[in-house]
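In our numbering, the protein residues as written are 71 to 228.
Beta carbons: idealized from backbone N, C-alpha and C, even for Gly.
All values derive from a computational prediction rather than experimental measurement.
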Amino acid sequence: MKNKLFPIIGFVVAVCLLGGLIGLIQMNKNKIASSTFVEVTTQNFEDEVLKHNGPVFIEFYVDKNCAPCEQQAPILEKVAKDYAGKVKFVRVHAINQMPISAAAGIPGVPTHIMLDPSTSTGAAAAGFLDEAALRKFIDDALAPAPTPAPAPVPGTQP
C-alpha cells in the first residue's frame with residue numbers, strides 16, 4: 071500500500087510546484103525591470119515626478135485583465151533602456167493610485183505622459199503604442215519647442 075502512495079504523492083507535489091511556478095510567471099509577466107522604472111504612489115509622486123529636474127515618462131497601467139498593458143510592458147522596457155539618462159521612467163498603477171489618475175485625467179490604460187516639471191511642459195498619449203509610435207512620442211516631447219519667427223516690421227519687405 072505504501073509503494074502505491076509514493077507515485078500519487080509525487081504527482082501531487084509536482085502539480086503543486088508547477089502551479090506555483092506558473093503563478094510566479096503570471097505574477098511577473100507584466101512587471102517592468104525595477105532598475106528601469108520607479109513605481110510611483112501618492113506618497114512619492116512629488117519627489118519622484120514633480121521635483122525631478124528633467125523629463126519624466128509616466129505610464130499609467132493596471133496589472134490584471136489589461137491586454138494592451140501586457141503588450142505594452144516589454145516594449146516600454148526596451149525603449150526605457152534606450153533612453154536611460156535622458157528620461158526618467160515611472161509607473162503609476164491607475165486603480166491603486168486613483169488620486170493621481172484622477173488628477174491627471176487618465177481616460178483609460180495604458181496612458182503615457184511625458185512631463186518636464188522644470189519647464190512645465192507635457193504631452194499625453196492614450197492606448198497601446200507600438201515601438202515606433204512610442205519612440206516618436208518620446209522624441210517629439212524631447213524636441214525643443216520651435217522658436218517663433220520675428221514679426222515683420224511694418225513698411226519693410228519680407
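Please state if the CB of residue j and the CB of residue i are separated by a distance shorter than 7 Å.
i    : j    : result
A154 : F130 : no
L204 : V149 : yes
E147 : T106 : yes
Residues in the same chain with beta-carbon distance under 8 Å from residue i, minus the five sequence neighbours each way, listed in chain order, please.
i    : result
G197 : P138, G178, P180 and T181
Any idea if residue i is buried or exposed, counting beta-carbon neighbours within 10 angstroms, 16 or more meaning buried?
i    : result
A202 : exposed
I143 : Sequence inspection shows Ala at residue 143; the Ile mentioned does not correspond to that position. Its Cβ being crowded by 16 or more others within 10 Å, A143 is buried.
Q96  : Reliability fails at Q96, whose pLDDT of 42 lies under 50, so the model's placement of it is uncertain and no value is given.
M184 : buried
V32  : One cannot answer for residue 32 here, as it falls past the ends of the chain, which runs 71 to 228.
A211 : buried
L199 : buried
L120 : exposed
Take residue i and list the residues in its own chain whose beta-carbon comes closer than 6 Å to its own, dropping the five residues that flank it on each side.
i    : result
A158 : The amino acid at residue 158 is misidentified as Ala; the sequence shows Lys. Cβ neighbours of K158 beyond the five flanking positions: H122 and V126.
A195 : H182 and F207
A65  : Since the first residue shown for the chain is 71 and the last is 228, residue 65 is missing from the structure and cannot be characterised.
Excluding sequence positions up to five away, which residues of its chain have a Cβ less than 7 Å from the Cβ of residue i?
i    : result
E118 : V108, V110 and V160
I236 : Missing from the structure shown is residue 236; the chain here goes from 71 to 228 and no further.
Identify whether residue i lies in helix, strand or coil by the three-state DSSP scheme.
i    : result
K101 : For K101, the pLDDT reaches just 49, beneath the cut-off of 50, and the residue's location in the model is therefore unreliable, although a value from the coordinates is still provided. Coil.
I165 : coil
L199 : coil
A194 : strand
K158 : strand
I128 : strand
D133 : coil
I37  : It is not possible to answer for residue 37, since the shown part of the chain is limited to 71 through 228.
V108 : strand
A144 : The sequence given here places Pro at residue 144; Ala does not occur at that position. The answer is helix: DSSP assigns P144 an H, G or I state.
I170 : helix
A230 : What is shown of the chain runs 71 to 228, which leaves residue 230 out entirely.
Relative to the alpha-carbon of residue i, which residue among the options has its alpha-carbon at the smallest distance?
i    : options                   : result
A215 : A221, N114 and D186       : D186
T112 : I176, N166 and A193       : N166
P169 : G124, F115, G225 and S190 : F115
D152 : D209, T189 and S188       : D209
S171 : A219, I128, P218 and G225 : I128
T191 : A213, N135, P224 and P218 : A213
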